[in-house]
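Student: Handing you a structure now.
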Amino acid sequence: MEINVVILNGKQIKIEVQIEKTTVNDIKKKVMEKSGIRFEDLVLIYNNQILKNDQTLKNSGIDKGVTIDAETADTLTKKYKQKIEEEVNKWRQKFSEQQNQKEEFQEQLTKVTNQMDQIKNQYQQQVAKGNEIEITKLKATISGLEMDKTELFQQIQYFKQEKLDLQQKVEDFLKLKEDLIGKTYEIKGLQKELEYAQNRGNQTKDDIIRELDISRQQIRRLEQQIDEVKTKNKELEVEKVQQQMKSFISSNQNEKLSDLQQQNAHLEKKLAECKSQLHGLFEQVRTLQSRRDDELRASTNRLDLASAERIQNFEMQISKLTAEANSSKKSFEESQIQLGNARKQCFENDKRIIELEKSVESLANQLKENSQGMKEKEKLITELQIQKDELQKDLDLYKKLLQQYKNNAEKGDPKKMSEMDIENKKLVDALNAREEQRNKEYQREEQQRKKELLERQEKLKQEQSKQQDLMQKNKEQRQKTAQFLKRQMFESHGKIEVCFLIDVTGSMDPYKEQAMMCIKESMKNIKIKTNRDALWATVAYQDFEERKQLGGKYKQLNFTPNPKEIEDYLSDIPCAGGGDAAEDIRGGITQMVQNLDWSKNFKIAVLICDAPTHGKRYNGGVADRYPNEDIEDAINLLIEKNILFVAILFNKFTLPMFEEIKKIYQKAEKEELLLFADLENTEQGKIWQELVDLVSQASQRATQTNNKGTRSKQAAANKRSQTGAMEALCKSIKDPSKFDELPGVKTVLVKFGVYRVELKQDAFEGNLENIRRLDINRDYSVYEEGKWDCIRTETFFAVGQMKQVFLMKRISNKDELYVIKMPLGDTTYKSQDEAVVECRSHLISKCLMKKYINELQEARDRTDRTIKIPDVKYSDFLILKDLAQGNSYWIAERFFSGDFVKYNNNYGFISDENIDLNHLAQGYSYYTYFISNFNYMVSDVQGVGNYFTDPALNTKDGNFDLTDMGLDGQSMFMVAYGGKKHMGRKYLDLLGIPQP
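With the first letter of the sequence shown counted as 1, position 146 gets the number 146 in the UniProt record's numbering; the numbers rise by one all the way through.
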């Protein structure tokens, strides 16, 4: 038989079940498979009751053909909260209406009293005159007042019935509140079951590991014991955390905590014994080594063959024990790492439990507020009941007086009329006194309410002040962290090492002088172009004979930040020697790479020479006593060290050498590490100026600060293209809107199922500092938009670094142009989840940009409304399913015409353009870095007009996707941004974010 299950998006799914055998857990597993909702998040509801996991459908009262609702703990809680709010609003409206009815009733009562006073005066006058006609009219008026009295009585009855209805609503609310409390504890129970299941899963895994380790040798047993200590400590940490949750603690768990603490002490003692055994093993090794030395000395003196054999046995024992000790030590270190990971996991569990406690506390506070509101409403109902009773008494008295007036008017008895005047005056005085008392009570209550309001306002101010202080301290702490990270980043990525490899043989004096003149000016240019400091070094090479005379090593000066030291050092080295035309460039490069202290990320070697290296492949036919030399191994050392090699042609003799060196770089596919310059025709006195430009150009190439392209972890992708998909399209055609009319462009008709994908706001806010916790199935929503009949290009229109770009229009609306993308290789995405993964960085950046703009606008409205905030946003992302191809998915976004602008990339490029959009973009990148507590940064900020697209995320761990350059990318941006702090500063100041 089948039952229907309604999931969160309203979609119904049918599930085959057996009433007597199928359990609620079985239903949840099938719902999970068909809906993608995590098993532990599912809650099944039938007849407004939560179904228990281990019950069968029959025990839960479920029969064939019924409909069950599938909810999550979050949505269930939200629904109950919404229901309560609706009821409270309804009651508020009812009380407001009753208050208005009360005021109308009082007005009518006052009006009737006034009319009765007037009639009494008129009646007395007419009785005195004996005017029968007027007396008759007054009787008719009295009859009308009787009708008014009857109507007022009916209104009182209606008011009484309304009170009964409100009391019933109060009872319903109390029942609803009890239900909500019950549902809340049921949700807690489900969460507790989830944690227990997770812990049991971890324990099962560790038990399997221990069973495998039982069969190992004695040293392996030590590793097993350490693993057991690690596992028990992990379980103990989890149990301790669970004990801290007051909502989940019971009396028997307190006893369990004591047992676990004893177990922990026992296990710690066991760990100490393991360490002691390890220490004993090392002591045995040292003792045996000492005995071996003694035996060796004795055997040398006595030439005792037996002792020699014993020594050999000792050596074998020592080797074996040393191997065992090393293995044990390694196992112990690995177990310590695992123990650290377990503690880290416990810390994560602790954070999660704290979040759950906050959620429960928030719900409890809300229930408390609702309960307080109910008490106030009950009090108001009581007051209304008292007032109604008083009014009823007044009406009864008026009824009595009206009857007496009627009787006396019929009898015409002046004495009775006079007595009634006295009673009426007493009644009026009593009413006035009562009204005065009510006014006093109302004033007193109003004063009390004002006093309470002032107290609440004062308390709120204090809380706001504390919150502001906390936020300020948080900002100050983050500022300290930012400054610390900045120092680290500038130390690792903020310096360039430049070494001048100079030929100091007899003919090189002029070139050496030009190199010395170049260094100081180059230092300024490097700072301006890359915002990096330079460290300088030099190696002064000659030829084999001179190196032999110098003790096998050429003269060198290691890296120094002071260019004057290099100038002074070179000036003291005379240019001399060189027995033939070719020189020992290979030896100079090898010494430079191996002997200098290269430690920074960016390295440059500048070769200043007028003669080729040894080797018939390179010498170009000049005199060479070492024709079998080959410089290729030295060039490969440069490539391995990632040193940018600047090769300068001063004359035709070195041209063959440089041509061969180019081939070596091409063979290694590292042409980017070679910078060749031809200065053959440059006047000798101006060579230093050309060298300054060349060193500056090399520094920009090494640091990539002049490269706008997006960088990828895949070397092949970097060589293929560093352009994003949308940028590639904008560069390939100015107006793609009429692609279907362009000659030579083939198109195809296609029917797409269209889905819009969004990152859930609560998931975004809850994981603002740790986007790695975002889950594809849990935290992203996919909404079906419908089915579109479309026309698209048959082949890709442009190629980006990672994707192929096609163009697409809807047949029903050809004014909307879409860019649709697939991975390189003419293969679409195989599943919806795979397509969503490709959208993650865009969707996260979209939420961050929305938060950034909203906070800027709010801050602007509070401070200075003259500041312009560009309304920038990331475009919506769609997922398209080709309905004719089965599992074939594309990702799509709207195309906006205009110039495509790149404001920064993911590896240190920052635009200098002085426009608001650029300032906003650079401020946005640092803003994301700051609010994420320096865990990640949005870079590759680019787009058309106010619509941004194709971002990249540089995270602390560097494993988000292929364009995540990690700490390298963050450091490259921060170093470059350090030289352009004015970019975006007005927006960051508006948000109170200090300079790094």
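We put the beta carbon where it would ideally sit given N, CA and C, even for glycine.
State yes or no: is the beta carbon of residue 653 nearer than 8 Å to at least one beta carbon in chain D?
Tutor: In the structure shown, chain D does not exist; there is a single protein chain.
Student: Going by DSSP in three states, residue 432 sits in which element: helix, strand or coil?
Tutor: Residue 432 sits at position 432 when you count from the first residue of the sequence shown. Of the three classes helix, strand and coil, the one that applies to residue 432 here is helix, per DSSP.
Student: Just the C-alpha distance for residue 474 and residue 926, rounded to the nearest angstrom, thanks.
Tutor: Counting from one through the sequence shown, the residue named residue 474 turns up at place 474. Counting from one through the sequence shown, the residue named residue 926 turns up at place 926. Distance between the alpha carbons of residue 474 and residue 926: 17 Å.
Student: Enumerate in chain order the residues of its own chain whose CB-to-CB distance from residue 198 is below 7 Å, with the five nearest sequence positions on each side excluded.
Tutor: Working through the sequence shown from its first residue, we reach residue 198 at position 198. Its pLDDT being 49, under 50, residue 198 is placed unreliably in this model, and the coordinates cannot settle the point.
Student: Could you give the first and the last residue of the continuous alpha helix (DSSP H) run that contains residue 688?
Tutor: To locate residue 688, count along the sequence shown from 1; it is residue 688. Element bounds for residue 688: 687-703.
Student: What residue does the alpha helix (DSSP H) around residue 656 start on, and which one ends it?
Tutor: For the purposes of this step, residue 656 is identified with residue 656 of the sequence shown, where counting begins at 1. Its alpha helix (DSSP H) spans residues 655-667.
Student: Taking DSSP as the reference, what is the three-state secondary structure of residue 620?
Tutor: The residue you call residue 620 lines up with position 620 of the sequence shown. Note: residue 620 maps to coil in three-state DSSP.
Student: What does a CB cutoff of less than 7 Å around residue 632 pick up in its chain, not counting 5 residues either side in sequence?
Tutor: Numbered from 1 along the sequence shown, position 632 holds the residue referred to as residue 632. Excluding positions up to five away in sequence, the list reads 664.
Student: If I'm right that residue 603 touches residue 644 with Cβ under 8 Å, what's the distance once you round it to whole angstroms?
Tutor: Within the sequence shown, residue 603 is the residue found at index 603, counting from 1. Within the sequence shown, residue 644 is the residue found at index 644, counting from 1. 7 Å between Cβ atoms; contact.
Student: For residue 215, does the three-state DSSP call read helix, strand or coil?
Tutor: Here residue 215 corresponds to residue number 215 of the sequence shown, with the count starting at 1. Caution is warranted here: a pLDDT of 43 is assigned to residue 215, below 50, making its placement in the model unreliable, and the coordinate value is therefore given only provisionally. Reduced to three states, the DSSP call for residue 215 is coil.
Student: Given a cut-off of 8 Å on the beta-carbon distance, is the pair residue 537 and residue 504 in contact?
Tutor: The count along the sequence shown starts at 1 and reaches residue 537 at position 537. The count along the sequence shown starts at 1 and reaches residue 504 at position 504. Not closer than 8 Å, so no.
Student: Does the separation of the CB atoms of residue 566 and residue 555 fall below 8 Å?
Tutor: In the sequence shown, counting from the first residue as 1, residue 566 sits at position 566. In the sequence shown, counting from the first residue as 1, residue 555 sits at position 555. Cβ distance not < 8 Å, so residue 566 and residue 555 don't count as in contact.
Student: From which residue to which residue does the alpha helix (DSSP H) around residue 514 run?
Tutor: Taking the first residue of the sequence shown as 1, we reach residue 514 at position 514. Residues 509-530.
Student: Which class does residue 24 belong to by DSSP, given the choice of helix, strand or coil?
Tutor: Along the sequence shown, one-based indexing puts residue 24 at 24. Here residue 24 sits in helix by DSSP.
Student: Roughly how many whole angstroms lie between the Cα atoms of residue 901 and residue 912?
Tutor: In the sequence shown, the residue the question calls residue 901 occupies position 901. In the sequence shown, the residue the question calls residue 912 occupies position 912. Cα-Cα distance, rounded: 12 Å.
Student: Please tell me whether residue 673 and residue 650 are closer than 8 Å, where the distance is taken between their beta carbons.
Tutor: Locating residue 673 in the sequence shown gives position 673, where the first residue counts as 1. Locating residue 650 in the sequence shown gives position 650, where the first residue counts as 1. It is not a contact, given that the beta carbons lie outside the stated cut-off.
Student: Pick helix, strand or coil for residue 848, following the three-state DSSP scheme.
Tutor: Position 848 of the sequence shown, counted from the start, is the residue given in the question as residue 848. Helix, per DSSP.
Student: Which two residues bound the contiguous alpha helix (DSSP H) that contains residue 682?
Tutor: Numbered from its first residue, the sequence shown carries residue 682 at position 682. First-last for residue 682: undefined, no H or E at that position.
Student: Taking 8 Å as the threshold (C-beta atoms), are residue 510 and residue 700 in contact?
Tutor: Counting from 1 along the sequence shown, the entry for residue 700 is found at position 700. Counting from 1 along the sequence shown, the entry for residue 510 is found at position 510. Going by C-beta atoms, residue 700 is not nearer than 8 Å to residue 510.
Student: Measuring CB atoms only, is the segment 695-715 touching the segment 751-761, in the sense that at least three cross pairs come out at less than 8 Å?
Tutor: No, they do not touch.
Student: CA-CA distance, residue 802 and residue 824?
Tutor: On the sequence shown, residue 802 is found 802 positions in, with the first residue counted as 1. On the sequence shown, residue 824 is found 824 positions in, with the first residue counted as 1. C-alpha separation (whole angstroms): 6 Å.
Student: Should residue 589 and residue 637 be called a contact, given that it needs their Cβ atoms to be closer than 8 Å?
Tutor: As a working mapping, residue 589 is identified with position 589 in the sequence shown. As a working mapping, residue 637 is identified with position 637 in the sequence shown. In contact: residue 589 and residue 637 (Cβ atoms closer than 8 Å).
Student: Under the three-state reduction of DSSP, which class applies to residue 47: helix, strand or coil?
Tutor: Indexing the sequence shown from 1 puts residue 47 at position 47. Residue 47: coil per DSSP, three-state reduction.
Student: Pick helix, strand or coil for residue 939, following the three-state DSSP scheme.
Tutor: In the sequence shown, residue 939 corresponds to position 939, counting from 1. Correct three-state label for residue 939: strand.
Student: Mind checking whether residue 923 and residue 818 have CB atoms under 8 Å apart?
Tutor: Residue 923 sits at position 923 when you count from the first residue of the sequence shown. Residue 818 sits at position 818 when you count from the first residue of the sequence shown. Taking 8 Å as the Cβ cut-off, residue 923 and residue 818 do not qualify as a contacting pair.
Student: For my contact list, residue 971 and residue 614 are in at a C-beta cut-off of 8 Å; report their separation, rounded to the angstrom.
Tutor: The residue you call residue 971 lines up with position 971 of the sequence shown. The residue you call residue 614 lines up with position 614 of the sequence shown. That pair is no contact at about 41 Å.
Student: Report the residue from 811, 749, 845 whose alpha carbon sits nearest the alpha carbon of residue 885.
Tutor: Taking the sequence shown and counting its residues from 1, the one referred to as residue 885 is at position 885. Looking at the Cα atoms, 749 is the closest of the given residues.
Student: Which first and last residues belong to the beta strand (DSSP E) in which residue 946 is found?
Tutor: In the sequence shown, counting from the first residue as 1, residue 946 sits at position 946. No beta strand (DSSP E) holds residue 946; DSSP gives it neither H nor E.
Student: Can you check DSSP and say which residues form a bridge with residue 823?
Tutor: Here the question's residue 823 lines up with position 823 in the sequence shown. According to DSSP, which records beta bridges pairwise, residue 823 is partnered with 803.
Student: Given a cut-off of 8 Å, decide if residue 848 and residue 869 are closer than it, judged by their beta-carbon atoms.
Tutor: Looking up residue 869 in the sequence shown gives position 869. Looking up residue 848 in the sequence shown gives position 848. No, the Cβ-Cβ distance between residue 869 and residue 848 is not below 8 Å.
Student: At what residues does the alpha helix (DSSP H) containing residue 986 begin and finish?
Tutor: Mapped onto the sequence shown, residue 986 falls at position 986. Its alpha helix (DSSP H) spans residues 985-990.
Student: Let me confirm a value: residue 428 is counted as buried when at least 16 other C-beta atoms fall within 10 Å, else exposed. Which label applies?
Tutor: Mapped onto the sequence shown, residue 428 falls at position 428. The residue in question, residue 428, is exposed, as its Cβ has fewer than 16 Cβ neighbours within 10 Å.
Student: Counting along the chain, where does the alpha helix (DSSP H) carrying residue 72 start and finish?
Tutor: Locating residue 72 in the sequence shown gives position 72, where the first residue counts as 1. Counting along the chain, residue 72 falls outside any alpha helix (DSSP H), though it belongs to the beta strand (DSSP E) covering 67-72.
Student: For a quick check, are the C-beta atoms of residue 635 and residue 608 less than 8 Å apart?
Tutor: Looking up residue 635 in the sequence shown gives position 635. Looking up residue 608 in the sequence shown gives position 608. Going by C-beta atoms, residue 635 is not nearer than 8 Å to residue 608.
Student: Three-state secondary structure (DSSP) at residue 859?
Tutor: Locating residue 859 in the sequence shown gives position 859, where the first residue counts as 1. Looking at residue 859 - three-state DSSP - the assignment turns out to be helix.
Student: So the candidates are 55, 500, 20, 690; which of them puts its Cα closest to the Cα of residue 28?
Tutor: For the purposes of this step, residue 28 is taken as the residue at position 28 of the sequence shown. Checking every option, the nearest Cα to that of residue 28 belongs to 55.
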